[in-house]
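When we follow this note's numbering, the leftmost residue of the sequence shown carries the number 1, and every step to the right adds one.
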Amino acid sequence: MKHAAKTRIVIADDHQLVRAGIAALLADTKDIEVVGEAANGREAIEKVKALAPDIVLMDISMPVLDGIKAAKEISEISKLTKIIMLTQYEQVEYIRRVMHSGVSGYILKNSLVGDLTKAIRSVREGKHYLAEAVSEAMMDAYLKPADGSPKQKNHKRLTKREEEIMECISEGCSNQQIAGRLFISVRTVEFHRTNIMEKLGIHDTVNLVRYAIQRKLMNLEL
1 MKHAAKTRIV IADDHQLVRA GIAALLADTK DIEVVGEAAN GREAIEKVKA
51 LAPDIVLMDI SMPVLDGIKA AKEISEISKL TKIIMLTQYE QVEYIRRVMH
101 SGVSGYILKN SLVGDLTKAI RSVREGKHYL AEAVSEAMMD AYLKPADGSP
151 KQKNHKRLTK REEEIMECIS EGCSNQQIAG RLFISVRTVE FHRTNIMEKL
201 GIHDTVNLVR YAIQRKLMNL EL
């Protein structure tokens, strides 16, 4: 029987003990293999060029070149290499910057090993992964305006069909996949997505997807 190829990982962190600890945790998994390490963003880029890993576990704060800038460069030079930020920062400003740098996942260094392996496997399958604490922070920021006062839930109510489409969006479905699942045309899906964005006050597809995922995770009602 042919076994599935292992997910090949590069760990990028400026602390050798952190790299060693992560490598030790992943050593017990049968489907994940650490193939390289890097002490800064520049080294991470060189490792990607040399090793073509499936995923880079990347710290944000590193010397020479930080993780966010390194992630942007890696996204440009290797479309097949995905990036998961593994960091101590759970402030919304960091999360927002990171999610615009081409990464596929964001987890915290205090995450359990189960969360780390789940993130790796999810990203390997082409999905995005946000740690629960990260999702909560983003939702709190979304529900609170700049002045810090609670944001009023004044969104227009979604129709049953729009709710179904939001559920599909939260699962990462494309317009074509949503159309097939709901037995409607792609144009109809696009029409509903536009209405949903207007009702929610969301102005781009990226934030619509993020909101759908966070909404599902937090089990919120509009």
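Here a beta-carbon is modelled for each residue, glycine too, at the ideal position from N, C-alpha and C.
Cβ pair residue i, residue j closer than 9 Å
i    : j    : result
P63  : D14  : yes
V189 : I165 : yes
S223 : A131 : No answer is possible for residue 223: it lies beyond the span of the chain, which begins at 1 and ends at 222.
A52  : T81  : yes
T87  : G102 : no
A50  : M58  : no
R42  : L25  : no
G201 : G172 : no
I95  : I45  : no
Own chain residues within Cβ distance below 6 Å of residue i, not counting five before or after
i    : result
M1   : Caution applies to M1, whose pLDDT of 46 falls short of 50 and renders its modelled position unreliable; the model cannot decide the point.
E221 : Reliability of the predicted coordinates at E221 is poor, the pLDDT of 38 falling under 50, and no value is obtained from them.
V10  : G36, K47, P53 and V56
R19  : I11, D13 and E37
A146 : Low local confidence applies: a pLDDT of 47 at A146 is under 50, so the model's placement there is unreliable, with the coordinate-based value given in what follows. Excluding positions up to five away in sequence, the list is empty.
Residue from the options whose Cα sits closest to the Cα of residue i
i    : options                   : result
E163 : R193, I184 and Q88        : R193
S61  : D204, L25 and N40         : N40
S128 : T117, K160, I84 and V186  : It is His, not Ser, that sits at residue 128 in the sequence shown. Closest by alpha carbon: I84.
S75  : I169, A212, H100 and A5   : H100
K160 : L108, V18 and I196        : I196
L208 : A179, E136, C168 and S185 : C168
E136 : R124, V92, R121 and N175  : V92
Residue i, enclosing beta strand (DSSP E) - first and last residue
i    : result
G114 : Here G114 belongs to no beta strand (DSSP E); instead the alpha helix (DSSP H) covers V113 to R124.
K109 : K109 -> no beta strand (DSSP E), and no H or E assigned at all.
T87  : K82 to T87
V227 : Residue numbering for the chain in the displayed model covers 1 to 222; residue 227 lies beyond these limits and cannot be assessed.
T7   : T7 to A12
The alpha helix (DSSP H) enclosing residue i, as first and last residue numbers
i    : result
M58  : Careful: M58 lies outside any alpha helix (DSSP H), inside the beta strand (DSSP E) at I55 to M58.
H203 : Taken as a continuous stretch (DSSP letters only), H203 belongs to no alpha helix (DSSP H), as it is neither H nor E.
Close beta carbons around residue i, own chain, < 8 Å, minus the five adjacent residues each side
i   : result
A23 : I11, V34 and E37
A4  : D31
- request: Say whether the segment 17 to 30 touches the segment 106 to 121, bearing in mind that this needs 3 or more beta-carbon pairs closer than 8 Å, one atom from each stretch.
  value: yes
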